[in-house]
Structure formats: C-alpha cells, structure tokens
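A.B. asks: Protein chains in written order, with this note's numbering: chain G, 1 to 175; chain B, 1001 to 1175; chain H, 2001 to 2175.
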C-alpha cells in the first residue's frame, strides 16, 4: 500500500509514518532526504532526534535528489519504505535551479510509483495555507509543493492529514 | 446550491469547482477576479493555464472589485456561477485602501447571497494557518480573509476544505 | 472534559469555545493570555471586541505566563475554564528567552492537566501550515507550537480543528 502523510510543521507526521511502518513489517528502509551541511547545527540536531526514535534494525538511506532511483532500487516484498520528507527533497531539487533535472526527477518518481508494488509511506509538509510569500522562489516552492502533493495523492492508496499529532484520513480506508 | 471551496495554494480548489459545475449544468459563467497587469507574466501565465482547462462554451466574466453586482446580474435558473477567487478579490479591495468601498462591497455581497437562488461556487485560499505575518497589511489581509470565509461559510449550503486535491466536506451533504 | 480547539487566524476558535462553555455551565472563568502593551492599539481593540461578545457574569483572569498556576487555582466542580489563547502564551514564554522558565511553565502545565478534573477549553492558533519562516525565533515558535499542540491533544478528551467557523472533530465525540 502506498500512503501519503501531509501536515504542518511538528504535526506528528514522521511519528505516524514510523508507527504505521512498525505495524506492517519488520523490514523497514528509511529514506532521508535532508541535505547535510556541516554548519547547520539545527538540522543536524533534528536528524539526530529522528534517528534516536527509530528502531536500530531499520536501514537508513540518505538521498537528497535521486529519490525515484532509490525507491526503485529498494522495493521488495514484505518491505516498507518511508520517505521523510518530500518537502526537503523538493527544496533540494529547486535549489539546483535546473528545470530539466527537476522535470526528470519528478517524472521518474511518478513513473516509478505507478508500477510500484509494496509498502511505501511518504511524509510531506503542508506549506500552502499561510500568507502567500513575497519571494519568487518561495512562491514557486509553494506552488510546486502543492502540485507534487496533488499528483502523489492521486497515486497513493491512502492520504492522511495530521493536526496536532492526530490523523485525518482524506482518502482510502480508515485505520 | 451555494458552495464554498477553501484550501491552500495549489490544493485543487479550482479544478474541483470546475468538476462540480460540469456535473450540474451546461450553462456555466466563470467570474475571474484577477486584476490584470501587463507586466505580471507569472499571473498572466496562471490565467492562461486556468483558461485552457475550462470548456470553451463557458462564459468568462472578469471583475476585480464589483463582485456582488456581477453575481446579481448573472444569476439565472439552470446556470452555475463560479467565483475564482475570493482571495484575489479581497486583495484587490484592500489595495484600494478605501474603508467605505470595502464595507460597501462586502455587505452588498452578503446581501446578494442571502437572496440568491441558483448554483454558485466560491473558491478561496486558506491563508491563516502560517506564522502571523509581520506587515500590518498582511495581518489585516489574514484577518479579513478569515472573517470573509466565516461569513460566506454561514451563508453557503456546502463548504469543502481541500488538501492535495482531495475534498473534505466541512458543512452540508457529502458528494 | 478537556477540549482543545485549533484553527487558523480568524477561523472562529474563540467563538466556538464560548459557545461550548455556555452550553455546559453558567460558571465560566476566562483566562486571557495577551500581554498588555499600552501602545499596541490593534491588540487592545481585539481584546475589547472579544470582551464585548462574552457574557458579563463570566470572570476574566489575565495571565500571560503562569498559566498552569492559574488553571490549578481556578479549578472547581461545575465550572468551565477557557484559555484564550495558547499561542499568545507560548509567544510570551519564548520572548522571555529563558529556557529554564520555558521548561518549568510547560512541564507544570502538562502535570496540572494530567490531574485536572473539570471542564477546560484551550484555544490555539495553527501556525505550521505556511512556508517555513526565515528567522530563527519564528522557526522555534513554529516548532514549539506544534509540539505543544501535540502534547495537549494527547491530554485532551476532544480536539477540534476549525476552518471558516466550522468545527471538525479530530479526536473524541462529535457534538
């Protein structure tokens, strides 16, 4: 089953993804999309906190850009992939400022997903419900984020919106 | 039936409005509230994309300020009006910096709606769920947007909240 | 019953809290967390509008920081406390720039709530669904707000998400 978890900052998305994965299978591969930068202590601390919460036998894969390839290469029966998160991946892609690369990566993702068999959980930030941002890049990010979520929602079997750690099933079966 | 569709940026509001209108009637009048500016290529491109998606036999009406008058003048049996979108209209109104005009236009809208018979679909952006913005105009915009949505939600028969292209019915019958 | 009402700016949270309290009991104590500043005419005007809407026999308590103590001191059978709002309280706490005080106040709140018997309604702003803000303090505020809401949601019997004045029950019994 392909699932998409969307919600605001600190709304319990990752924790929910981890709970859902734990309930399904023992073989979980966790795909982290954060771009490492030695000087970003805030991000390093977040990543450390996330890592401590996860079971030690989960495999960690770090990939900031080629998400579709990693999903393709790691699919397998009885295995669950968690992608955490779409928002950092999209941000990494947009910062490349390379329209062809952007199109290639997103289209490959949709294509891989269409044929994907197995369990897969995407986590993404809802970023489109505030005041429309002033900068052109911020506006583009907000637009592309919304478009990406719509396309993935159409391809996923279940879509969950989280508020304050509570899940609201927008598509698919309740749990 | 009067319907209000609210959601974040690129959450599938306009596409849902168009689907709902198509399901109801052949006679659709599309009221676009965007203020044209020759130098805003981003907005011109968005408008073009929206236009291409719509059936060619729909009537397009452009009105950035006098929304209530246009709704009043275009009501008719077996016809559906789409207002896309409230947020640009509110923004146009606030940029006039004319409190009397603001009050006149909003009150006329509520009054026209109270007596309105026919199908009408409003589309609006949820802009109040981010960090409270710094500028006074942005804060005023966020406040007035919230107030407008509350008042319209009370006057509408169905209110839908969209996330990632998926509808959540907040008021009225499911579909 | 402990209830948490979350929603965007001007989404009808306070009005809903007041309606719920009115339906439960005559003895309501309203805990306002706004920090008074003589020169903030916008905030003073908001507070005045809120005050005018509430029944005159409700008791008003103003406390910008020591929320847990005030809740503890005012609990009583057949009485309902309204805390309006968590967001201003959190903002007041963070502006102290005193990590120990922050930890003390939040932990005392969770501890008081765990043992709380009686009716209590929290109101809080959803601020995490826009573009991630640039400033470090804004990001911290967004993070702490999300964490606080998650922890309170876990401790409350009912959690309601409001959009355009309409309630969506995320946890607990519908009404």
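Idealized CB from N, CA, C, for every residue including glycine.
Small disclaimer: the values here were computed from a predicted structure and weren't measured.
Compute the beta-carbon to beta-carbon distance between residue 164 of chain G and residue 2105 of chain H, rounded to the nearest angstrom, for a pair I have assumed lies under 8 angstroms.
C.D. replies: At roughly 19 angstroms, the Cβ-Cβ gap does not stay under 8 angstroms, so residue 164 of chain G and residue 2105 of chain H are not in contact.
A.B. asks: Quick check: the segment 1070-1085 of chain B against the segment 1139-1159 of chain B, are at least 3 beta-carbon pairs closer than 8 angstroms?
C.D. replies: no
A.B. asks: Taking residue 1142 of chain B as the reference, give the member of B:1126, B:1155 and B:1156 with the closest Cα.
C.D. replies: Comparing Cα-Cα distances from residue 1142 of chain B to each of B:1126, B:1155 and B:1156, the minimum goes to B:1126.
A.B. asks: Between residue 1099 of chain B and residue 1091 of chain B, what straight-line distance do the alpha-carbon atoms span, to the nearest angstrom?
C.D. replies: 13 angstroms
A.B. asks: With the cut-off set at 9 angstroms, would you say residue 2130 of chain H and residue 64 of chain G are in Cβ contact?
C.D. replies: no
A.B. asks: Looking at chain B, which residues of the segment 2041-2067 of chain H have a Cβ within less than 7 angstroms of any of its Cβ atoms?
C.D. replies: Under the 7 angstroms Cβ criterion, the segment 2041-2067 of chain H contributes no residue.
A.B. asks: Can you tell me the Cα-Cα spacing of residue 174 of chain G and residue 2018 of chain H, whole angstroms?
C.D. replies: In a straight line, the C-alpha of residue 174 of chain G is about 32 angstroms away from that of residue 2018 of chain H.
A.B. asks: At 7 angstroms on the CB atoms, spell out the chain H contacts of residue 11 of chain G, in chain order.
C.D. replies: 2128 and 2146
A.B. asks: How many angstroms separate the CA atom of residue 107 of chain G from the CA atom of residue 1013 of chain B?
C.D. replies: 23 angstroms
A.B. asks: Closer than 8 angstroms between beta carbons: that is the criterion. Which residues of the segment 2131-2160 of chain H meet it against chain B?
C.D. replies: Answer set for the segment 2131-2160 of chain H: 2131, 2133, 2138, 2141 and 2142.
A.B. asks: So, with DSSP's three-state summary, where would you put residue 1175 of chain B?
C.D. replies: coil
A.B. asks: In angstroms with no decimal places, state the Cα-to-Cα distance between residue 2072 of chain H and residue 2123 of chain H.
C.D. replies: 18 angstroms
A.B. asks: Please report the distance separating the alpha-carbon of residue 1015 of chain B from that of residue 1021 of chain B.
C.D. replies: Rounded to the nearest whole angstrom, the CA to CA distance from residue 1015 of chain B to residue 1021 of chain B is 10 angstroms.
A.B. asks: Could you round the C-beta distance between residue 2157 of chain H and residue 2025 of chain H to whole angstroms and report it? I think they count as a contact, below 8 angstroms.
C.D. replies: With a Cβ gap of about 16 angstroms, residue 2157 of chain H and residue 2025 of chain H do not count as contacting.
A.B. asks: List the residues of chain H whose Cβ lies closer than 9 angstroms to the Cβ of residue 168 of chain G, in chain order.
C.D. replies: 2161, 2168 and 2170
A.B. asks: For residue 2008 of chain H and chain G, any beta-carbon pair shorter than 9 angstroms?
C.D. replies: yes
A.B. asks: Report the three-state DSSP secondary structure of residue 2045 of chain H (helix, strand or coil).
C.D. replies: When DSSP states are grouped into helix, strand and coil, residue 2045 of chain H belongs to the helix group.
A.B. asks: Around the C-beta of residue 1008 of chain B, are 16 or more other C-beta atoms found within 10 angstroms, so that it is buried, or is it exposed?
C.D. replies: buried
A.B. asks: Under the DSSP definition of a beta bridge, which residues are partnered with residue 2151 of chain H?
C.D. replies: Note: residue 2151 of chain H sits in no beta bridge, so no partner.
A.B. asks: Can you check which of these residues, B:1172, B:1166 and B:1171, is closest to residue 1010 of chain B by C-alpha distance?
C.D. replies: Ranking B:1172, B:1166 and B:1171 by Cα distance to residue 1010 of chain B puts B:1166 first.
A.B. asks: Count the other CB atoms, across all protein chains shown, that sit within 10 Å of the CB of residue 140 of chain G; report buried if there are 16 or more and exposed otherwise.
C.D. replies: The residue in question, residue 140 of chain G, is exposed, as its Cβ has fewer than 16 Cβ neighbours within 10 Å.
A.B. asks: Looking only at C-alpha atoms, which of B:1170, B:1075 and B:1160 sits nearest to residue 1027 of chain B?
C.D. replies: B:1075
A.B. asks: Count the other CB atoms within 10 Å of the CB of residue 29 of chain G; is the residue buried (16 or more) or exposed (fewer)?
C.D. replies: buried
A.B. asks: Could you give the distance in angstroms between the alpha-carbon of residue 1088 of chain B and the alpha-carbon of residue 1061 of chain B?
C.D. replies: 15 angstroms
A.B. asks: Given a threshold of 16 other Cβ atoms within 10 Å of its Cβ, counted over all protein chains shown, does residue 2093 of chain H qualify as buried or as exposed?
C.D. replies: Buried, since its Cβ has 16 or more Cβ neighbours within 10 Å.
A.B. asks: How should residue 59 of chain G be labelled, buried or exposed, when 16 other C-beta atoms within 10 angstroms of its C-beta is the threshold for buried?
C.D. replies: exposed
A.B. asks: Can you give me the C-alpha to C-alpha distance between residue 1049 of chain B and residue 1043 of chain B, rounded to a whole angstrom?
C.D. replies: 10 angstroms
A.B. asks: Is any beta-carbon of chain H found at less than 9 angstroms from that of residue 1109 of chain B?
C.D. replies: no
A.B. asks: Nearest chain B C-beta to residue 90 of chain G closer than 9 angstroms, yes or no?
C.D. replies: no
A.B. asks: Please classify residue 2003 of chain H as buried or exposed, where buried requires at least 16 other C-beta atoms within 10 Å of its C-beta.
C.D. replies: buried
A.B. asks: Give me the chain G residues within the contact set of residue 1174 of chain B, using Cβ-Cβ distance strictly less than 7 angstroms, ordered along the chain.
C.D. replies: Listed along the chain, the chain G residues whose CB falls inside 7 angstroms of the CB of residue 1174 of chain B amount to none; the nearest CB is some 13 angstroms away.
A.B. asks: Could you pull out every residue in the same chain whose Cβ sits closer than 7 angstroms to the Cβ of residue 109 of chain G, ignoring the five residues on either side in sequence?
C.D. replies: 67 and 68
A.B. asks: Quick check: is any heavy atom of the ligand ADP less than 8 angstroms from the C-beta of residue 1109 of chain B?
C.D. replies: This structure does not include the ligand ADP; it has no bound ligands of any sort.
A.B. asks: Since residue 1002 of chain B sits in a beta bridge, which residues does DSSP pair it with?
C.D. replies: B:1120
A.B. asks: Excluding the 5 residues preceding and the 5 following residue 1055 of chain B in the sequence, name in chain order all residues of the same chain whose CB lies nearer than 6 angstroms to its CB.
C.D. replies: Within the same chain, residue 1055 of chain B has no close Cβ partners at all.
A.B. asks: Just checking my contact of residue 128 of chain G with residue 146 of chain G at CB under 8 angstroms: how many whole Å lie between their CB atoms?
C.D. replies: 5 angstroms
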